[in-house]
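In what follows, a structure is listed as structure tokens, so that the remarks can point back to it.
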Amino acid sequence: MSISCKFITSISELKKLPTAEKISIRFISLLTGIKFNGSNSFLLELQDFPNGVPALSPYRVKIKYNSTNDKLKSDTAAATEQTTTTENNSSSFKLARMTISLLCQFFDIDINEFDINEKKKEPFFIDEIHLEKICFIDCKCIYVSNGEKSSLYLDDVKPIDISTAIKYATQDKRQPVSTTSTADTTNDDDHVIRDKLISNIFNNLIMIDNDIKSDFNFVKLANFNNELKEFIQERKLKLMEEKKRSNPLFFFGEQGQNSTDSNSMESQIAFNSQFFTLRDSDSSTNANVASPLNNSIGKDNNNNNNNNNNMESRLELRERSYSLTSSLSSFSSEEENALERESHVKKLKINSTNYYDMETPGFYQYADLGTRSKIKGNLYGIIPLFPVPNDLKYKQKFNYRFEFVPKHWDVIHYNGVQKEETEGSLNCNCNLIPFFNSIEIFVSNEVDLFRLFHDILPYDTHEDKMAYFRKLHSFLGMNEFEITIIKTKLDISSAKNDTQENELELFTDVWNFEKIVLLEKHDRQSNVIEPKRHNDERYHINEEEVKLNKKFNFQFIKSDNDPKIFFNELRLNPGDMKYITMFGLLVSLTFENSSYVSMVFTDFTKNNIEQKYLFDSYLVDTMRRLDSNEGFRVMMYQDHFRSFNENVTSIYGMDFHGLKKSWTENYSKYGIVCKISLSCKFFKGKLNAISRVCIPILQSNYLNLSKREQFILEKIYYKGIKRIHQSDLSEYIKDYEKYFPYYQHKDENHSRQNMVSILDKKYWGKSFVYEKHNEEDTTTTTTNNNNNNSNDIFKNVYQKIPGIDELVGRKISFDKNDNIPLLNMRSTEFPKLFQVHGKLIGVEYGIGNDTRNPGKTMITYLCLLITVRDHNEELETMIENRKLLRIEMFKEETINYFLNKSAYNNYDNTVDVSLDRLQNFVGETFQFMVTKAPFQLQLRSRSINLLVWCPVEFTMEEMKSQLWARKEVSKDTKPPSLPQDFEQQFIPPQSSAPDPVSYPSNYDPVTNVKVEDIDNAVVESVSLVWR
């Protein structure tokens, strides 16, 4: 581009340019729209998104051409040149169309070039391109203005690919990083201005990405790759550091170039009243914290050149000291002594740097609000294991919980469990304890949960929710993930009734998901069991096939970020354009249209979306036809199909024309399984699926694919072999063995042949994932039944949680302990019982179908949230998560027992009445009898359990009795206020309230046993106590 061209950095600079003359300008911006008015021009719309907001008046660049309809001059000279002018008009249009076409090809933007011609000029408008792709364009334009109106006419254009844009932005050497949309470019060269502009645009896009209301998201971009991912992550960190430096709450501030002595630093520390919060700690402890600070200040006096680095290090040390001291100040001396008595719990030292290591469990327990962490590891289970309705009566923020174990944590070591190696796999029982050897992560509701796993395991709105939860629960344990989490507030306040006023808003600190990514095989560093090959030649992978697989996979690399879905998961609205990847068996193919090739695929799922007729849609035998909604029709233009045809030729030695040996256009006899990249939209009311890339998937390529892709393929394998008759396959078995991991096996008497999968332990070290109970496709459209009883589906999960009948006749050790933070870290299991004195602050629950009364609902999950008994909600609305104890009930009989729903006391079974009674206890203190039991999360090569707190012989009647007993015992104090309708709500009809029992002051009102006798008691039979 010419040197005389003026480089502008924002559209506002156009107003400063002189009028009534043509000015050559240059700018760099993002392509957001392409428009064709159908008459005489194309229009490019470009945006900078200054400060993360779309500009009201973006760049609009016209690509003019001379229309054949333009009036010609009427003089004789013009008449003689009419033929030449018409030809020039045609050339002008072709040049404009070529410019648009080349731009779209460069950025891989789908546009139907056949609809843009001189005879058929249909207007079109492609909008919001930046939501799908980042397209940087370097434009040279002619600016024309008359003072009131102005126009930009394209003179030259240079597209910039994403890698080059990242390179330019990285070359921007400004320190610190600027987030403004303009830059001072007075004395800069063009390449410096270019780098600054691209850097600013990336910063603006990051601001949009951080806005939760925005539709823009980097991870949803079609050209999002690892290079862009790493660049954006690094840029975000720089912007956050810059924000911290400019924030007086996080930065000490410079005291001048030559004033860096310790006195100025000490004055700033003295000004901050929150710098040290330990009041009861000894002086030596405080010295341990302050000494590194003083040392760093002393060193700083001798080195003014490294002032900024020292400032940052002192800032980091100060943040660490404040975070630790504030969290430890809430521990009482009694709790510290209790921690010392527990040999397996390490007491944290105030000057310990290991404590702040993000690789240790302590970091995740004590991290401040707003802290982010990005880690790789395994996710286990969902609690509760069923969907929860959104219309619950009590509007507390219900949550699903996940347990995450980073891959560098030695869970076996933390549990003290002996591990045993058996045939290359690890067999052991691991008990997870949140923040001791696992990280507990919360998801607020169903909508957030479905959105979180959408790109990994999409949820179909027509799918049974219970089936999805079952599928997700099984899917989690088989894969590894990279997650990004953030420490946030969680509302735990729970209104007692609709008329309650001045409700206290209690909250706690929890980890929430920000992003979750399924790790591909090559990203994993865990112990992967390599497939074992059989001595038979058919189980040895052909080297030629290895080369073909690499070639095929490379062709698909640009579309790897597209979501992988089944056909029945495709949802499309008019006007939508979706980029997806699907797998399917090639059923038929036709060359009827010279411009493109039509193909029919099936993955054996069904979708009622409107589409063209599925021609020749049968499986080998013409009698075994597909249903009309069981396949999808794909269109592929000749230039793209040429590559697919070459791939098939490299396998068979002939192309599709050579493979067609009969009158039919059906190719199902070859068993060609394909991976297809598709752009889908509606055209004239029917599905228009255009394929850009299509590759054959040989069975030797199976292990190179992601877990999601393997999951889809396994269903196609299983259904395909099941649908095609064995006799039909006998003639084409060699072709099917190229794609399907099956071989024909004769039984002992050689009477018949069966298709046997080679995806079994004998040959591959892993079982075929497709289990028998999934034979009926769980992803097909079913009637919504969100209230299915979870106890039937996940019955095996609850088997290890002790029931009431398991307590009788067993020796039970007993411990009275109110130290909730310590109890949460204990690994002691049943039959050790704990008596905990705490305050009930909230209730969580789930609703399902009543198994005994069809048509009615029941409580299928119940959780009591308790905290330390001396907690004052009016003074402290923030409750640390470590000070919360969750008493959970999963079994139907346990919940019914707690709610007093038994054969002799079944006076009201309605859910609302039970919850109303329970909510009246919120805010009161009780003595709870609990035990820790293993909740089974995983059932594969090793048993993964989460240790949860369960009630033991504890009911709502017991809670009521405690309130009555406390009222009678505490004669000298004001009795606790009970609800006005207390007797009416808690006394069964046709019965009277029990006479209040008076207990001596040295007796426990719960157990009716002397307090001094309880501490060391060993109870022989539970039938004598707890009532």
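According to our numbering, the sequence shown holds residues 86 to 1112 in order.
Heads up, the beta-carbon is just placed ideally off N, CA and C, and yes, glycines get one too.
Everything numeric in this text was worked out from a predicted model, so none of it was measured.
The C-beta distance from S523 to E488 rounds to 5 angstroms, short enough to meet the 8 angstroms contact threshold. The straight-line gap separating the alpha-carbon atoms of A181 and K107 is approximately 21 angstroms. Taking one beta carbon from each stretch, the region 736-753 and the region 712-719 have fewer than 3 pairs nearer than 8 angstroms; the two do not touch.
The region 99-113 and the region 176-193 do not touch, with fewer than 3 CB-CB distances between them shorter than 8 angstroms. In the three-state reduction of the DSSP assignment, D240 falls in the strand class. Fewer than three pairs of CB atoms, one per stretch, sit closer than 8 angstroms, so the region 793-802 makes no contact with the region 219-238. Boundaries of the alpha helix (DSSP H) around L282: 275-295.
When DSSP states are grouped into helix, strand and coil, N522 belongs to the coil group. Separation of G455 and I571 (C-alpha to C-alpha, rounded to the nearest whole angstrom) is 6 angstroms. One thing to note: F651 has its Cβ no nearer than 8 angstroms to the Cβ of L603. From the listed residues Y755, N773, L907, the smallest Cα separation to L763 is found for N773. The criterion of a C-beta distance shorter than 8 angstroms is satisfied by F316 and I251. I932 is positioned such that its CB atom lies no closer than 8 angstroms to that of K823. Taking the Cα of K917 as reference, the smallest distance to any Cα among L141, K792, K1017 is reached at K1017. Under the three-state reduction of DSSP, A774 is assigned to strand. H539 and A307 have their alpha carbons spaced roughly 16 angstroms apart. G923 sits away from I964, with the two beta carbons spaced by 8 angstroms or more. For G927, the three-state secondary structure derived from DSSP is strand. Selection N288, E312, D280 evaluated against S248 yields E312 as nearest (Cα-Cα). In terms of Cα proximity to T593, the closest of Y485, K968, I518 is K968. Residue N904 holds the alpha-carbon nearest to the alpha-carbon of L970 among G1008, N904, L655, K976. Burial is judged here by how many other beta carbons sit within 10 angstroms of a residue's own beta carbon; A105 has fewer than 16 and is exposed. In the DSSP annotation of this structure, Y803 is not part of any beta strand (DSSP E); the continuous alpha helix (DSSP H) holding it starts and ends at 792-808.
It is roughly 22 angstroms from the alpha-carbon of L99 to the alpha-carbon of P244. Closest option to Q1012, judged by alpha-carbon separation, among T117, E1042, N789: E1042. By the beta-carbon neighbour count (other beta carbons within 10 angstroms, threshold 16), Q811 is exposed. Counting C-beta atoms within 10 angstroms of its own C-beta, I541 has 16 or more neighbours from the protein chains shown and is therefore classed as buried. Scanning K298, S559, N564, G738 for the CA closest to the CA of K461 turns up N564.
DSSP places Y698 in the coil class of the three-state scheme, outside both helix and strand.
Take C90, set aside five residues on each side of it, and the residues of its chain with a beta-carbon closer than 8 angstroms to its own are S109, I110, R111, K225, in chain order. Burial of L671 is indicated by the presence of at least 16 other C-beta atoms within 10 angstroms of its C-beta. If you ignore the 5 residues before and after F689, its C-beta comes within less than 6 angstroms of the C-beta of K804, all in its own chain and listed in chain order.
The C-alpha of V277 lies about 20 angstroms from the C-alpha of F134. A straight-line Cα-Cα distance of about 59 angstroms links N516 and S95. In terms of CA proximity to G232, L102 leads the group I196, L102, D274. Counting of Cβ neighbours within 10 angstroms places E531 among the buried residues, the total reaching 16 or more.
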